[in-house]
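Trainee:
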Amino acid sequence: MVRVRIAPSPTGDPHVGTAYIALLNYLFARQRGGQFILRIEDTDRARFVAASEQMIFDALRWLGLEWDEGPDVGGPYGPYRQSERSEIYRQAVDLLLASGRAYRCFCTPERLEEMRRAQSAAKLPPRYDKTCLRLAPGEIAARQAAGLSWVARLNVPQPGETVFRDELRGEIRFDHANVDDQILLKSDGFPTYHLANVVDDHAMAITDVIRAEEWISSTPKHVLLYQAFGWPAPRFWHMPLLRNSDKSKISKRKNPVSLIYYRQAGYLPQALLNFLGLMGGGMPADLEKFTLAEMVEKFQFERISLGGPVFDLEKLQWLNGVYLRALAPDEFLAQLQATVFSSEILRAIVPLVQERIETLAQFGDLADFFFRDDIAPPPEIWLPKKRTPAETLKITALMLEALEAAEWSHAALEAALRDLAAAQGWTAKEVFMLLRAILTGKTASPPLLESAVVLGRARGLDRIRRFLAREKSRPPA
Ligand code: GLU
0 MVRVRIAPSP TGDPHVGTAY IALLNYLFAR QRGGQFILRI EDTDRARFVA
50 ASEQMIFDAL RWLGLEWDEG PDVGGPYGPY RQSERSEIYR QAVDLLLASG
100 RAYRCFCTPE RLEEMRRAQS AAKLPPRYDK TCLRLAPGEI AARQAAGLSW
150 VARLNVPQPG ETVFRDELRG EIRFDHANVD DQILLKSDGF PTYHLANVVD
200 DHAMAITDVI RAEEWISSTP KHVLLYQAFG WPAPRFWHMP LLRNSDKSKI
250 SKRKNPVSLI YYRQAGYLPQ ALLNFLGLMG GGMPADLEKF TLAEMVEKFQ
300 FERISLGGPV FDLEKLQWLN GVYLRALAPD EFLAQLQATV FSSEILRAIV
350 PLVQERIETL AQFGDLADFF FRDDIAPPPE IWLPKKRTPA ETLKITALML
400 EALEAAEWSH AALEAALRDL AAAQGWTAKE VFMLLRAILT GKTASPPLLE
450 SAVVLGRARG LDRIRRFLAR EKSRPPA
């Protein structure tokens, strides 16, 4: 029985890359009468975002990629959230410590830093030097008794080599000179990705690991872990990464990557799935428009080409247009009412315009920017009187970073903008006016931060990114 999984980490907005890998896993399972599992890898507490898990569920369901087992639907191999499996990982580490395949390391951050500096001065690859591997058992016990904090590390045999098969690439070899004694259990008692991933793939009887190619360099560590536990390893399929048009790894600087954005900006899930199905060349070359069911029927993993598929937003937009135009008028209307003209969004806008309106027909004048996609204000609107374009673009780039990191609430946005203004020697008013111009295209609008909250994080950030992209590519006047 084929069993595959996706294992997203809830660290922010659900990513198009997650949808792409989910689609491939889904197809693989459905083509083989297998099961498709959703596991939440939430052991990195520093990057954990509470709302993220639900957003992942919602986004994948919106796309129609239903899973057979997962945290919300249950299943015989649960729990499916790693934070609920701590005991399992601790027992696994105990096994490795007992067999000598892992060891306790007490090195302090300062010592590790010093070691790294020395290695880089000697032009050696950064690698833990196994100091703690040589501790005598009595010394280990004494340090533990003294309450010193420790991590568990994988004991990678040196010298050595790990060889594994990638189903798309054939044999891959890693010289252990480049494989670090990976931390398996952190000092807070949480496992690292590598340990939890291997323990769970084994415990959940995963037969095929289909994931993005960025994990290839982790795979030797995983293979060593399977060997250390004495477990058979699954088959590995590393999928080519989605790329920006300049061939760099897809990134939010160059493309919207949040699935929330695509949903709110009015892309149809079937169009987005179709587009993702075109990535990597698994479908017959002469087909451009197809359904999920057709993908299940015709997609071939053997056909995937390894050159990174370009996530071409223009193409996606074109394809979405094809789907929209093919809708019956009533369906089209229903789509509008479910997205850009939903009662939910209208209800949120009402309090922002009711105060300032004299006839109902003015609603459009006041609220137009919520319903527009591209806002391209001319410099008369966005350029503050006392600032140059270069200064203004610089602070806009910093604003983008600050707002990406901020929670999308009135209070948090306000604090982030005020901090930014203070740090850059701008007045808060100048910064607010700049953001107003970018989001609304006007110098006067309904209350700015309330409007930003209604517009939403995904579309708000997208407007700032598009503004920067447009203005940076504008030839100087
Ligand atoms: N948690 C990893 C991620 O966020 C999973 C990678 C894997 O599939 O092994 O993508």
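0 is the number of the first residue of the sequence shown in numbering that gives the first Met the number 0; add one for each residue after it. Ideal Cβ placement from N, Cα and C applies to all residues, glycine included.
1. What's the C-alpha gap between L183 and K314?
2. Between the alpha carbons of N177 and E40, how many angstroms are there, rounded?
3. Using 8 Å for Cβ pairs, my map puts L291 next to L272. What's the rounded Cβ distance?
4. Could you give the distance in angstroms between the alpha-carbon of A404 and the alpha-carbon of M0?
5. Mapping the DSSP letters down to three states, classify T478 as helix, strand or coil.
6. Less than 7 Å separating the Cβ of E517 from some heavy atom of the ligand GLU?
7. Does the distance from the CB of I36 to the CB of I20 come in under 8 Å?
8. Thinking C-alpha only, which one of G276, A436, G77 is nearest E68?
9. CB of W149 to nearest heavy atom of the ligand GLU: below 7 Å?
10. Could you compute how far the alpha carbon of E65 sits from the alpha carbon of L59?
11. With a 10 Å radius around its C-beta and 16 neighbouring C-beta atoms as the bar for buried, classify V349 as buried or exposed.
12. In angstroms, rounded to a whole number, what distance separates the CA positions of P255 and A135?
13. Here's a check: name, in chain order, each residue in its chain whose Cβ is nearer than 7 Å to the Cβ of L26, leaving out the five neighbours to either side.
14. So is the beta-carbon of W518 under 7 Å away from any non-hydrogen atom of the ligand GLU?
15. Is the Cβ-Cβ distance between P70 and R80 less than 8 Å?
16. What do you reckon, are the CB atoms on R485 and S444 nearer than 8 Å?
17. Using only the heavy atoms of the ligand GLU, determine whether one of them is closer than 7 Å to the beta carbon of S216.
18. Are H193 and L224 touching if we call contact CB-CB under 8 Å?
19. Quick check: does the Cβ of N196 come within less than 7 Å of any heavy atom belonging to the ligand GLU?
20. For the structure I just gave you, are there three or more beta carbon pairs, one from the segment 212-226 and one from the segment 153-167, closer than 8 Å?
21. Less than 7 Å between the CB of R152 and some heavy atom of the ligand GLU, yes or no?
22. For the beta strand (DSSP E) holding Q34, just list the boundary residues, first then last.
23. Identify every residue that forms a DSSP beta bridge with A375.
24. Please give the ranges of any alpha helix (DSSP H) in the segment 224-296, keeping only runs that are unbroken, at least 4 residues long and fully inside the region.
25. Helix or strand or just coil, what does DSSP make of L318?
26. Using only the heavy atoms of the ligand GLU, determine whether one of them is closer than 7 Å to the beta carbon of V208.
27. Does DSSP put L123 in a helix, a strand or coil?
28. So, L153 versus D187, is the Cβ gap smaller than 8 Å?
29. Leaving out the 5 sequence neighbours to the left and right, which residues in its chain are closer than 6 Å to F274 when beta-carbon positions are compared?
30. How about P125 and R115: do their beta carbons lie closer than 8 Å?
31. Nearest-angstrom Cα distance between S244 and V309?
32. Across the segment 6-19 and the segment 247-264, are there enough close Cβ pairs to call them in contact, namely three or more that are closer than 8 Å?
33. Between A232 and the ligand GLU, is there a pair consisting of the residue's CB and a ligand heavy atom that are separated by less than 7 Å?
34. Our contact map puts L392 next to K471 with C-beta atoms below 8 Å; I'd like the distance itself, whole angstroms only.
35. Mind checking whether the beta-carbon of A18 lies closer than 7 Å to any heavy atom of the ligand GLU?
36. Reducing DSSP to helix, strand and coil, say where Y102 ends up.
Mentor: Considering the structure as presented:
1. 42 Å
2. 26 Å
3. 6 Å
4. 43 Å
5. Outside the displayed span of the chain (0 to 476) sits residue 478, for which this structure offers no information.
6. Lying before the first or after the last residue shown, residue 517 is absent from the chain, which here runs from 0 to 476.
7. no
8. G77
9. no
10. 7 Å
11. exposed
12. 53 Å
13. M294, V295, F298
14. Absent from the model: residue 518. The displayed extent of the chain is 0 to 476, so no value can be given.
15. yes
16. In the structure displayed, the chain extends from 0 to 476; residue 485 sits before or after that span and is not available.
17. no
18. yes
19. yes
20. yes
21. no
22. 34-37
23. Answer is none; A375 lacks a bridge partner.
24. 258-263, 268-277
25. helix
26. yes
27. coil
28. no
29. L315, L318
30. yes
31. 6 Å
32. yes
33. no
34. 7 Å
35. no
36. strand
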